[in-house]
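In terms of numbering that gives the first Met the number 0, the sequence shown opens at residue 0 and continues consecutively.
See structure below.
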Amino acid sequence: MLSELRAVRYVTPLREGGSLPGLVEARGVGGDPGLWVAKFTGAAQGRKALVAEVVSGELARRLGLRVPELVTVEVDPVLVVGEPDERVQDLVKASGGTNLGMAFLSRALGFDPLAFPVDPLTAGRVLWLDALIGNVDRSWRNPNLLVRAGELWLIDHGASLIFHHNWPRAAAAVDKPYDASDHALLRFGPDLAAADAELAPLVTERLLREVLALVPEVWLDGEPGFGSAQEVREAYVAQLAGRVSGGRDWLPEAAA
Ligand SMILES: Nc1ncnc2c1ncn2[C@@H]1O[C@H](COP(=O)(O)OP(=O)(O)O)[C@@H](O)[C@H]1O
Ligand SMILES: [Mg+2]
């Protein structure tokens, strides 16, 4: 299970982002408050974006990539009483209950390819992950990569796993090619063959089940066409396992 925190203060919106994540102070039972980036269920992208954050982020972590800690954050809309920004008011009021938190990396900088060269194997690992999860949000315009103390961190996986927006057609899209033409790390000569050889054997059904078990039930309940949250979890496992165990039509050319 992800750690369960409760938001105690809304600090500020993070305005660069489209989904209006908020910086909040949150604490666990008996713990000290810390700073977390909250992603809200009431955002336009809805709870599926949060499912994608957890599944893709926790998968990335298990493949050895750096992702800030993910937790759940309970939000009481009373937090934003007096908040002057109406968009924030509306968003947080629509997001009572369980939301996502990502550890805030203070003093991190946005990734700048000119200032931070990435080795081909690391670039290959990140691109391989993005191809597997179909992440459309890692372009050079909007890399969703942070750099702190010489380390590369992956954030913002809400726009991955797009198959979950159309479950009836998901099986037919299992080998869907990934368009890497705008990818932030393409210029570093990503070694996709090495990344595939290293990472594919790690993405087992067992690992995927472990990852899916971390998704809060309330974000999966009531999905049309499924009898239970557990069935939805299994559909994600089957989709990702099927992608890894099949051919490599989904991997960009560079791997061939
Ligand atoms: N864990 C974090 N630590 C530090 N800054 C972050 C973190 N997560 C997000 N940010 C900052 O907030 C911005 C928006 O967050 P992001 O997750 O990319 O949301 P959006 O879906 O709106 O693009 C990021 O581009 C980054 O500048
Ligand atoms: Mg972003």
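Backbone N, C-alpha and C fix where the C-beta goes; we use that ideal spot for every residue, glycine too.
Predicted model only: the values in this text are computed from it and were never measured.
Q.
When you compare the CB positions of residue 32 and residue 26, do they come within less than 8 Å of one another, or not?
A. yes
### Task
Tell me, please, which residues DSSP counts as bridged to residue 182.
138
| said: Taking the alpha carbon of residue 44 as the reference point, which residue from 11, 110, 98, 71 has its own alpha carbon closest? | reply: 98
Please report the distance separating the alpha-carbon of residue 72 from that of residue 64.
23 Å
Report yes if the CB atom of residue 198 is closer than 8 Å to the CB atom of residue 124, and no otherwise. yes
request  = Any chance you could list the alpha helix (DSSP H) runs of at least 4 consecutive residues sitting entirely within the stretch 88-132, in chain order?
outcome  = 119-132
Check your understanding: Going by DSSP, which residues form a beta bridge with residue 12?
Key -> 21
Open item on the list: Using C-beta distances below 7 Å, list every residue in its chain close to residue 248, excluding the 5 sequence neighbours before and after it, in chain order.
Closed with: 174, 176
Next item on the list: Could you tell me which residues DSSP puts in a beta bridge with residue 35?
Entry: 23, 102
Is the stretch 182-192 touching the stretch 132-147, taking contact as three or more C-beta pairs under 8 Å?
yes
Three CB pairs or more closer than 8 Å across the stretch 128-137 and the stretch 54-68: yes
* Asked: Does any heavy atom of ligand 2 sit closer than 7 Å to the C-beta of residue 136?
  -> yes
Are three or more beta carbon pairs between the stretch 223-233 and the stretch 87-98 nearer than 8 Å? no
Three or more C-beta pairs below 8 Å linking the stretch 236-252 and the stretch 190-206: yes
message: Considering only heavy atoms of ligand 1, does any lie closer than 7 Å to the CB of residue 117?
response: no
Beta-carbon proximity list for residue 194, same chain, < 6 Å, skipping 5 on both sides:
123, 124, 127
In terms of DSSP beta bridges, what is residue 53 paired with? Beta-bridge pairing links residue 53 to no other residue.
### Message
According to DSSP, is residue 2 part of a helix, a strand, or is it coil?
### Response
strand
DSSP three-state assignment for residue 64, whether helix, strand or coil = coil
For this session: Select from 146, 238, 252 the residue whose C-alpha is nearest the C-alpha of residue 192.
Result: 252
Between the CA atoms of residue 161 and residue 41 - distance to the nearest angstrom:
18 Å
- Item | Helix, strand or coil at residue 146 according to DSSP, with G and I counted as helix | strand
- Query: Mapping DSSP to helix, strand and coil, what is residue 151?
  - Reply: strand
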